[in-house]
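Engineer: Just passing along the structure, written as C-alpha cells.
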Amino acid sequence: MKTLKQIINNKTLHFNFVAPDTRVIDAIALMKIENMSYVIVMEGQNYLGIFSEKDYTQKVILQNRNSSETFVKEIMTVDLPIVTSEDSFDKCMEIMNTFKVRYLPMFEGYVFKGVITINDLLEATIEEKKSPEKNEHYLKDAVSTSNSIGHYED
1 MKTLKQIINN KTLHFNFVAP DTRVIDAIAL MKIENMSYVI VMEGQNYLGI
51 FSEKDYTQKV ILQNRNSSET FVKEIMTVDL PIVTSEDSFD KCMEIMNTFK
101 VRYLPMFEGY VFKGVITIND LLEATIEEKK SPEKNEHYLK DAVSTSNSIG
151 HYED
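Residue 154, in full-length UniProt numbering, is where the sequence shown stops; the numbers in between run on with no holes.
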C-alpha cells in the first residue's frame with residue numbers, strides 16, 4: 001500500500017494555497033475552478049490552517065456573513081490534528097473518525113508537506129485492492145477455501 005509520503009508526493013499542490021487575507025469569495029471561486037473542497041492557508045512557507053466548504057457553510061452562510069467582506073483568516077480551521085509521513089493509514093482513519101475531520105495536515109518535523117484527505121485514503125485503498133498482487137492473494141485464498149469446502153471423510 002502507498003505510504004503517506006507517496007500520496008503527498010503525487011499530489012499537485014501549486015493551485016490550492018491562499019493567503020490569510022484572501023476574501024472568502026475568491027477562495028470559493030478558486031475551489032470551484034480547481035474542483036477542490038478545501039484550500040490550504042499559508043503565509044509564506046508557514047502553514048496556518050485550512051479553509052473548507054464546511055467552514056464556508058457553517059461560518060459564512062449560516063451566520064449571514066458577506067463572502068466579499070469576510071477574509072479566510074477569520075473563519076479557517078486552525079486546530080486540525082496533524083500527521084507525519086511515518087503514520088499509518090489506519091492511524092489517519094482513526095484520527096479522522098475520532099475528530100470528525102476529512103483533512104489532516106502532514107508535517108515532517110516543522111516543515112509542512114501537504115494535506116492528507118479522506119479521499120486520498122479511499123483512493124489508495126481502492127488502488128491496493130485492484131493491484132494484481134492482491135488479486136492473486138485473494139484468488140489463492142478463495143481456491144484453498146473452496147478446496148476444503150464439501151470435502152469430508154466418513
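For glycine and all other residues, C-beta sits at the position ideal for the given N, C-alpha and C.
Here the structure is a predicted model, which means the values were calculated and not measured.
Using the Cβ count rule (16 or more neighbours within 10 Å means buried), how would you classify LYS130?
Structural biologist: exposed
Engineer: Smallest Cα separation from residue 162: which of ILE50, GLN6 and THR3?
Structural biologist: With the chain represented from 1 up to 154, any question about residue 162 goes unanswered, as that position is not in the structure.
Engineer: Could you say which of TYR38, GLU34 and GLU43 lies nearest to ASP55 if we only look at CA atoms?
Structural biologist: Ranking the options by Cα distance to ASP55, first place goes to TYR38.
Engineer: Can you tell me which residues form a DSSP beta bridge with SER52?
Structural biologist: TYR38
Engineer: So who's on the other strand from PRO105, going by DSSP bridges?
Structural biologist: Answer by DSSP bridge pairing, in chain order: VAL115.
Engineer: Taking the continuous alpha helix (DSSP H) assigned at LYS5, which residues delimit it?
Structural biologist: 4-10
Engineer: Can you tell me whether ASP120 is buried or exposed? The criterion is at least 16 other CB atoms within 10 Å of its CB, across all chains shown.
Structural biologist: So ASP120 ends up on the buried side.
Engineer: Apply the 10 Å Cβ neighbour rule to VAL41 and answer buried if 16 or more other Cβ atoms are within range, or exposed otherwise.
Structural biologist: buried
Engineer: Starting from TYR47, follow its DSSP beta bridges and name the residues at the other end.
Structural biologist: MET42
Engineer: Taking DSSP as the reference, what is the three-state secondary structure of THR77?
Structural biologist: Strand at THR77.
Engineer: Enumerate in chain order the residues of its own chain whose CB-to-CB distance from GLU53 is below 8 Å, with the five nearest sequence positions on each side excluded.
Structural biologist: MET31, SER37 and TYR38
Engineer: VAL18 and VAL60: beta carbons closer than 8 Å?
Structural biologist: no
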